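Below: the structure, in structure tokens.
2 protein chains.
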Amino acid sequence: MSAFTIEARDARSRARVGTLHTAHGTVRTPAFVPLASTATVKGLLPEEVAALGYEMVLGNTFHLLLRPGEELIERMGGLHRFMGWGGAIVTDSGGFQLFSMGHGTVAEEIKGRNRRAGRDRAGTGAIVAIEEEGVRFRAYTDGRERFLSPEGSMQVQAALGSDLVLALDECTPLHVDRSYTARSTERTHRWLERCVRWQRRHGREGRLFYGIVQGGVYEDLRRESAQFVADSGCEGVAIGGSLGAEKAQMYEVVEFAMRELEGERAIMPRHLLGIGEVDDLIRGVELGIDTFDCAIPTRLGRHGTALIGDPARRWRLDLTKRAFREERAPISERCPCPACANGLSRAYLSHLARARELTGMRLLSAHNLAFTATVVRRLREAIRTGSLPAEAAALRAGWEE
Amino acid sequence: MSAFTIEARDARSRARVGTLHTAHGTVRTPAFVPLASTATVKGLLPEEVAALGYEMVLGNTFHLLLRPGEELIERMGGLHRFMGWGGAIVTDSGGFQLFSMGHGTVAEEIKGRNRRAGRDRAGTGAIVAIEEEGVRFRAYTDGRERFLSPEGSMQVQAALGSDLVLALDECTPLHVDRSYTARSTERTHRWLERCVRWQRRHGREGRLFYGIVQGGVYEDLRRESAQFVADSGCEGVAIGGSLGAEKAQMYEVVEFAMRELEGERAIMPRHLLGIGEVDDLIRGVELGIDTFDCAIPTRLGRHGTALIGDPARRWRLDLTKRAFREERAPISERCPCPACANGLSRAYLSHLARARELTGMRLLSAHNLAFTATVVRRLREAIRTGSLPAEAAALRAGWEE
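Those protein sequence lines, which keep their order, are chains L and D. Position one of the first sequence corresponds to residue 1 (our numbering), numbered consecutively onward. Position one of the second sequence corresponds to residue 402 (our numbering), numbered consecutively onward.
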């Protein structure tokens, strides 16, 4: 049986509904994948994440190899058992974290903060060197120099017991030129070939393996990269790297890659790395993306922002604002999350957010994941019933909470 | 009906089992009362606190009047509704927070840090003046000068909708002399009389009111204060202030007060403020205490420490230590908390604690409250079955996790 089955397609876009079959259950797609970077969806328990409708979470190779270490997790029975999560786990390769450390994050670049390039957020780690063999870096945990090769990343992900592993890539930043991006993308392809060889030799039955498309914002590089990845021998394609400085460009860059994933290649599952705002989910699904991961729902929740069906507010309610101090309504009347289902007022959540209370971080993280699950479920159902254009328009127009 | 009914007594100590009848249900005593200082038991939801066996939580007048303000909470339907807690709520008067701000905390004193006296922990607030009329202080939230009188504290607690209110007291610190303690205790008594008058005029049927015994570590002052509070017209007696520099002295100081709460006065419920370690709960129950509150279970949980049945470790497992990195066992095989019931390993909790993850803070807070609930339930059952001496000895000896 193929690891990915497509069950319905939208007539007017590349959107499709499918099922990803993993060693830890199925994932109905399109799906959003919450981050469990450090072996926990921050603030939530596994059964709560599952109850919100999630079937897969994303563990972070880079963070977990530094703390507590993949060998420890392996000795403890693997990441599923370690964190008590019975569903599927995808692990990223570590590329994004390594290179956002080395180059500064895409968000920082867009905000003009790329002077921080070369230092990680804590200021204690840095890329030492990108070599053909792999990446030399300084660990943020203990300051020691470490080395991660493509094969090393695969080994770490295997030790974690991941159901879906990603090839090590250089996440090329926005501020580098075309020439650097081209050379970097070629190196990412050579790394992918090494990962494919590793996977053929050591891969475990049922462990899915995706390559990552790079190529910056350049159409030819993105198209070449998508072709290369699709034909490399992996089961799925992830789209990573700099997707541009604004949303219109991001959609365009994703489209460059998707054009090469038509025809026979369309049976491969496609993941869009690090993207998860409402409008991006809608457009991503239309562009043919099957799975998404993003820090936004949980990160915003920890910082006092609730996601709501209001595009005019960029889908966000910043509950730390005084305006919400006395609002008796819950965030949403129809949301199944614990805060909304228990009728906790925006006033109360605003109080918790302003006081930086753990309970508030936890409740808003759960709300934002419930919200995101609802958006993705609506898209999934609309594709199945042939009503995606209307549903996408309805979602884009927003709804009453 | 009396607000407190005593159902069984231990033959060899002052321990008793009873029921406190509040406007929001009954509280079986001896009981531990988790802190919900800022309108939340940090990291936990109300239904989780109730599921652990708790029937009352403690709200903090001082914190809540500053943020979000008692008037807002009143407009939102009271503290129970605001935070979604259907059980009983006791509110302290604000005295402890005001005076730990003014004098430095007892813990800081004991550790020789009383130079911090005059500044709160954030360094942004301070006692401006203790006047006969009340306390002038600077708010840590906005730096503005505020004033809290005994009547003001009662008003705030009424606005919160508290089921059990405490009279404003000066929490006399350990480092002051006998003469200051005597004068301070007398002022606390005059404040209590004003609270009693306020309560007679404005008190609501079913809202319980406790005075607070002060008197420092001085036997005569403690005894006088206990007499004064017991005969002041309040329904219950709380014991507050400096209880000494070590546990033996603390028990002695509590004993001074309890000696005056015999005979007819023994029908009054007794609360011990801010105390909640295992050995203190056992001794406190033997001394005749009915209810306890303490930050320790939740605060330790947030800092990576789990409570366990091992007196040799001071009942504490500091999971941030490397020794626990690979322990496969849960904290306790028999604990009903989510971490133990789901079999999450000490290794995993140690990882979360070292990474300062919200999920770890939440899981350890719940574990520590489950642990404390178990200790108190065992004491309650032992008193009822006439086996307190054996059970207290068994608890003190510790048990296998």
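The beta carbon of each residue, even a glycine, is placed where N, CA and C say it ideally should be. Quantities reported herein were computed from a predicted structural model and do not represent experimental measurements.
Three-state secondary structure (DSSP) of R187 (chain L): For the purposes of this step, residue 187 (chain L) is identified with residue 187 of the first sequence, where counting begins at 1. R187 (chain L) falls in the helix class under three-state DSSP.
Residue-level contact to chain D via CB, E74 (chain L), 9 Å cutoff: On the first sequence, position 74 is the one that residue 74 (chain L) refers to. False, the Cβ-Cβ gap to chain D never drops below 9 Å.
Neighbourhood of F725 (chain D) by C-beta distance below 6 Å, restricted to the same chain and skipping five residues each side: Along the second sequence, read from residue 1 onward, the residue named residue 725 (chain D) stands at position 324. Cβ neighbours of F725 (chain D) beyond the five flanking positions: R747, S751.
At least three beta-carbon pairs within less than 8 Å, the segment 689 to 698 of chain D to the segment 761 to 774 of chain D: yes
Neighbourhood of E286 (chain L) by C-beta distance below 6 Å, restricted to the same chain and skipping five residues each side: As a working note, residue 286 (chain L) is residue 286 in the first sequence. If we look at E286 (chain L) and ignore the five residues flanking it on each side, its Cβ neighbours are S13, A15.
Min CB distance N60 (chain L) to chain D below 9 Å: For this step, residue 60 (chain L) is matched to residue 60 along the first sequence. So no, N60 (chain L) is outside the interface.
Terminal residues of the beta strand (DSSP E) in which L814 (chain D) lies: With chain D represented from 402 up to 802, any question about residue 814 (chain D) goes unanswered, as that position is not in the structure.
Exposed unless 16 or more other CB atoms sit within 10 angstroms - verdict on G787 (chain D): The residue you call residue 787 (chain D) lines up with position 386 of the second sequence. Exposed: under 16 other Cβ atoms inside 10 Å.
Inter-residue spacing [alpha-carbon to alpha-carbon] between V655 (chain D) and I490 (chain D): The residue you call residue 655 (chain D) lines up with position 254 of the second sequence. The residue you call residue 490 (chain D) lines up with position 89 of the second sequence. Spanning the two alpha carbons is a distance of roughly 24 Å.
Simplified DSSP state of R785 (chain D), which is helix, strand or coil: Here residue 785 (chain D) is taken as the residue at index 384 of the second sequence, counted from 1. Here R785 (chain D) sits in helix by DSSP.
Alpha-carbon spacing of R595 (chain D) relative to S550 (chain D), whole angstroms: Taking the first residue of the second sequence as position 1, residue 595 (chain D) is located at position 194. Taking the first residue of the second sequence as position 1, residue 550 (chain D) is located at position 149. The straight-line gap from Cα to Cα measures roughly 9 Å.
Proximity test, Cβ basis, 9 Å: G84 (chain L) and chain D: Along the first sequence, one-based indexing puts residue 84 (chain L) at 84. It does: the Cβ of G84 (chain L) has a partner Cβ on chain D nearer than 9 Å.
CB contact check: T760 (chain D) to chain L, cutoff 9 Å: As a working mapping, residue 760 (chain D) is identified with position 359 in the second sequence. Chain L, which has a Cβ nearer than 9 Å to the Cβ of T760 (chain D), makes this yes.
Opposing strand residues paired with P435 (chain D) [DSSP bridges]: Your numbering for residue 435 (chain D) matches position 34 in the second sequence. D:C695.
Helix, strand or coil at M56 (chain L) according to DSSP, with G and I counted as helix: In the first sequence, the residue the question calls residue 56 (chain L) occupies position 56. M56 (chain L): strand per DSSP, three-state reduction.
Within 9 Å, strictly: CB atoms of A740 (chain D) and L718 (chain D): Position 339 of the second sequence, counted from the first residue, corresponds to residue 740 (chain D). Position 317 of the second sequence, counted from the first residue, corresponds to residue 718 (chain D). Not a contact, by the Cβ cut-off of 9 Å.
Beta-carbon proximity check, V17 (chain L) vs R384 (chain L), cutoff 9 Å: For the purposes of this step, residue 17 (chain L) is taken as the residue at position 17 of the first sequence. For the purposes of this step, residue 384 (chain L) is taken as the residue at position 384 of the first sequence. Yes, they are a contact pair.
Endpoints, the alpha helix (DSSP H) within which F629 (chain D) is located: Translated into the one-based positions of the second sequence, residue 629 (chain D) becomes position 228. Here the alpha helix (DSSP H) through F629 (chain D) covers 620 to 631.
Alpha carbon of R666 (chain D) to alpha carbon of I709 (chain D), nearest angstrom: Position 265 of the second sequence, counted from the first residue, corresponds to residue 666 (chain D). Position 308 of the second sequence, counted from the first residue, corresponds to residue 709 (chain D). Whole-angstrom Cα-Cα distance: 36 Å.
Residues of the segment 724 to 749 of chain D with Cβ closer than 8 Å to any Cβ of chain L, in chain order: R726, E727, R729, P739, N743, G744, L745, S746, A748, Y749
Contact set between the segment 282 to 309 of chain L and chain D, restricted to residues whose Cβ is under 7 Å from the partner: none
Chain L contacts from the segment 424 to 452 of chain D (Cβ-Cβ distance under 7 Å): T439, A440, T441, K443, G444, L445, L446
Any C-beta of chain L under 9 Å from that of A756 (chain D): Position 355 of the second sequence, counted from the first residue, corresponds to residue 756 (chain D). At least one chain L Cβ lies under 9 Å of A756 (chain D).
Local Cβ density within 10 Å of N60 (chain L), reported as buried at 16 or more and exposed below that: As a working note, residue 60 (chain L) is residue 60 in the first sequence. Under this definition N60 (chain L) is a buried residue.
Alpha-carbon spacing of T188 (chain L) relative to L272 (chain L), whole angstroms: On the first sequence, position 188 is the one that residue 188 (chain L) refers to. On the first sequence, position 272 is the one that residue 272 (chain L) refers to. Cα-Cα distance, rounded: 17 Å.
Inter-stretch contact (C-beta, 8 Å, three-pair minimum) for the segment 467 to 480 of chain D and the segment 444 to 451 of chain D: no
Partners in chain L for L753 (chain D), counting only beta-carbon separations shorter than 7 Å: Counted from its first residue, the second sequence places residue 753 (chain D) at position 352. Under the 7 Å cutoff, chain L gives T40.
CB contact check: P469 (chain D) to chain L, cutoff 9 Å: In the second sequence, counting from the first residue as 1, residue 469 (chain D) sits at position 68. Closer than 9 Å: yes.
For F725 (chain D), the residue or residues it bridges with in DSSP: On the second sequence, position 324 is the one that residue 725 (chain D) refers to. F725 (chain D) pairs with nothing; no bridge assigned.
Pair within 9 Å by beta-carbon distance, A627 (chain D) and F657 (chain D): Within the second sequence, the letter at position 226 stands for residue 627 (chain D). Within the second sequence, the letter at position 256 stands for residue 657 (chain D). Their beta carbons are under 9 Å apart, which means A627 (chain D) touches F657 (chain D) by this criterion.
Local conformation of H464 (chain D) per DSSP, three classes: Residue 464 (chain D) sits at position 63 when you count from the first residue of the second sequence. Residue state, collapsed to three classes: helix.
Any C-beta of chain D under 9 Å from that of L160 (chain L): Walking along the first sequence from the start, residue 160 (chain L) turns up at place 160. It does not; no Cβ of chain D falls within 9 Å.
Residue nearest to V577 (chain D) in terms of C-alpha spacing, selected from D:D570, D:R591, D:G616: One-based indexing of the second sequence puts residue 577 (chain D) at position 176. V577 (chain D) has its Cα closest to that of D:G616, out of D:D570, D:R591, D:G616.
Rounded straight-line distance, which links the Cα of Q199 (chain L) to that of Y455 (chain D): As a first step, residue 455 (chain D) must be located in the second sequence, where it is residue number 54. As a first step, residue 199 (chain L) must be located in the first sequence, where it is residue number 199. Cα-Cα distance, rounded: 53 Å.
Distance, R299 (chain L) Cα to S494 (chain D) Cα: In the second sequence, residue 494 (chain D) corresponds to position 93, counting from 1. In the first sequence, residue 299 (chain L) corresponds to position 299, counting from 1. Each residue's alpha carbon lies about 36 Å from the other.
Any alpha helix (DSSP H) of 4 or more consecutive residues that is wholly inside the segment 247 to 308 of chain L: 247 to 259, 278 to 287, 296 to 302
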